[in-house]
Amino acid sequence: MSDNQTKRFHRLISDGRIVFKAAAYTQSEDGEHPEHITFRLDFSSSDSVAVFGVWRGMSPGDSIENMLLWDFYVADMKAVEPFAHDGLLTLPMLKESPAQKCSYAELGKVLYTKMAA
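Last residue of the sequence shown: number 118 in the numbering used here, and the count goes up by one each step with no gaps.
Shown next, in the form of structure tokens:
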């Protein structure tokens, strides 16, 4: 990603147009059933794009800094709103929504495309 694109994302984040939510399989207290992961969203905010990060690390040696253990989902806030209940979006709801799943390596391109739309 170029410096101009990076600066654009920093501006968009500081303007409140992008919201980032993160969760981990370990938060579900049941690695076999990560559907217990939830994201709380404020649909009344001015955020237009949401990036959901899900860390899949389950072993004691897994590092949160290992970007290969992250899944990212990028979506328009209005597109995921119908899938949420009372401002909560579970991982299965997110997977059913039109959110685009991507890796860390793909995140910049997906976010750039979503923001350009």
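Virtual Cβ for every residue (Gly too), placed ideally from N, Cα, C.
- Of all C-beta pairs linking the segment 101–113 to the segment 78–90, fewer than three are shorter than 8 Å, placing the two stretches out of contact.
- Out of Ser49, Val111, Leu95, Ala118, the CA that lies nearest to the CA of Ala24 is found in Leu95.
- For Leu42, there is no enclosing alpha helix (DSSP H), as DSSP gives it neither H nor E.
- A Cβ-Cβ separation of about 7 Å places Ser49 in contact with Asp77 under the 8 Å criterion.
- Where Leu89 is concerned, the enclosing beta strand (DSSP E) starts and stops at 89–91.
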